[in-house]
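Mapping of the sequence shown onto full-length UniProt numbering: position 93 corresponds to residue 93, and the numbering continues sequentially without gaps. Beta carbons are placed, not taken as given, at the ideal position from N, Cα and C, and that holds for glycine.
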Amino acid sequence: MPAGGCALERLSAYKMVLSYGVLAMYKLQILTKAAAELSKYMPEKAAEDTSSILRSPMPGAVVAVAVKPGDMVSEGQEICVIEAMKMQNSMIAAKTGKVKAVHCKAGDTVGEGDLLVELE
Numbered sequence: 001m002p003a004g005g006c007a008l009e010r011l012s013a014y015k016m017v018l019s020y021g022v023l024a025m026y027k028l029q030i031l032t033k034a035a036a037e038l039s040k041y042m043p044e045k046a047a048e049d050t051s052s053i054l055r056s057p058m059p060g061a062v063v064a065v066a067v068k069p070g071d072m073v074s075e076g077q078e079i080c081v082i083e084a085m086k087m088q089n090s091m092i093a094a095k096t097g098k099v100k101a102v103h104c105k106a107g108d109t110v111g112e113g114d115l116l117v118e119l120e
């Protein structure tokens with residue numbers, strides 16, 4: 001996009017992002033008149049901050065846990081490894097912090113959404 005130019009990025013059938021150079025970005029949503037009226041009574045919920053917790057994104061087996069309570073971790077650091085469908089998946093820290101609790105150990109079977117590690 002040239003400096004000062006506009007760009008329209010389609011996110012879905014009814015949601016788009018309009019960018020004007022590097023100065024502004026607007027999120028657009030196209031609604032029918034009835035949907036626009038009803039949306040006044042249905043405010044969007046703010047997303048929960050989950051950066052202090054690490055949950056399993058899939059069912060699998062914990063192969064290794066690289067941290068213990070009290071350890072300091074950096075954003076992007078490997079916390080543990082989960083094996084699912086014969087593939088090993090590194091679970092990484094979303095932010096820098098101190099490990100508050102570890103809820104799994106090597107050899108454990110975990111389900112999707114199970115709590116693995118908490119950061120302070």
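Please state if the CB of Glu83 and the CB of Gly60 are separated by a distance shorter than 7 Å. yes
By a C-beta neighbour count over all protein chains shown, 10 Å radius and 16 as the cutoff for buried, is Cys104 buried or exposed? buried
Mapping DSSP to helix, strand and coil, what is Tyr41? coil
Whole-angstrom Cβ separation of Gly97 and Val73, contact assumed at under 8 Å? 6 Å
Euclidean distance between Cα positions of Lys86 and Tyr14: 39 Å
Any idea if Met91 is buried or exposed, counting beta-carbon neighbours within 10 angstroms, 16 or more meaning buried? buried
Return the residue from the list Met58, Gln29, Lys100 and Gly76 that minimises the CA-CA distance to Glu44. Gln29
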